[in-house]
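Residue numbers (full-length UniProt numbering): 1 to 202.
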């Protein structure tokens, strides 16, 4: 925050996976809250698509921390100009679901617990994938898989290896080797590990 302030930079936070980094929704918001506590102007794009399981609802929010009421008024005016061509009235169903959870103490507590459970499962899958690679006989260092955080892992696979994963093993990941760990289960992680070993052993 001090460096950003010294360089007169503006912070823009993308909060698409809050809770899936550490398993703690509040802890994952630490950096944003630190900037706010330092009285710095901040923009935060927040999505509830993943951490509330509302992919089809496109529910989220954009938050600005302004220096004063006049700045907030100017910003609101500009946002209204920007959103008008995109939608007159945004979808409300997903927003009402999120509001129902966040406005009820017990539902919020349950949501925190469920996000923690999912984050722990993803961390477990990271370790299971690496163990599967080691059990398959891989001699590569896979520490980067367990050291990363969140729903995805950059496996280190190159484009050719990704193509082999798709064409030979029917496992789909992005061209840069990013794989969704949320899609791994105890039933398929060994198959995925064996496939990665197959395309990386030469």
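In this text, a Cβ means the ideal position worked out from N, Cα and C, and glycines have one as well.
Just so you know, these numbers come straight off a predicted model, no measurement behind them.
Under the three-state reduction of DSSP, which class applies to residue 205: helix, strand or coil? Residue 205 lies beyond the residue range present for the chain, which begins at 1 and ends at 202; the question has no answer from this structure.
Which same chain residues end up closer than 6 Å to residue 155 when comparing Cβ atoms and leaving out the 5 residues on each side of it in sequence? These residues qualify, in order along the chain: 177, 179.
If you reduce the DSSP assignment to three classes, tell me which class residue 39 lands in. Correct three-state label for residue 39: coil.
If we count Cβ pairs, one from each stretch, closer than 8 Å, do we get three or more for the stretch 20-33 versus the stretch 66-83? With fewer than three CB-CB distances shorter than 8 Å, the stretch 20-33 does not count as touching the stretch 66-83.
Is it true that the stretch 79-98 meets the stretch 140-150, where meeting means three or more beta-carbon pairs spaced less than 8 Å apart? Touching, no.
For residue 62, three-class secondary structure by DSSP: Three-state result, residue 62: strand.
Beta-carbon proximity of residue 46 to residue 27, cut-off 8 Å: Contact flag unset, no.
Extent of the continuous alpha helix (DSSP H) run through residue 179: Element bounds for residue 179: not the alpha helix (DSSP H) but the beta strand (DSSP E), 178-180.
What does the alpha-carbon distance come out to for the pair residue 49 and residue 96? When rounded, the distance between both Cα atoms is 13 Å.
Taking residue 138 as the reference, which of 72, 40, 196 has the closest Cα? Minimum Cα distance to residue 138 is reached at 196.
Kindly identify the DSSP beta-bridge partner or partners of residue 46. According to DSSP, which records beta bridges pairwise, residue 46 is partnered with 15, 61.
Going by the CB atoms, is the gap between residue 20 and residue 51 shorter than 8 Å? In contact: residue 51 and residue 20 (Cβ atoms closer than 8 Å).
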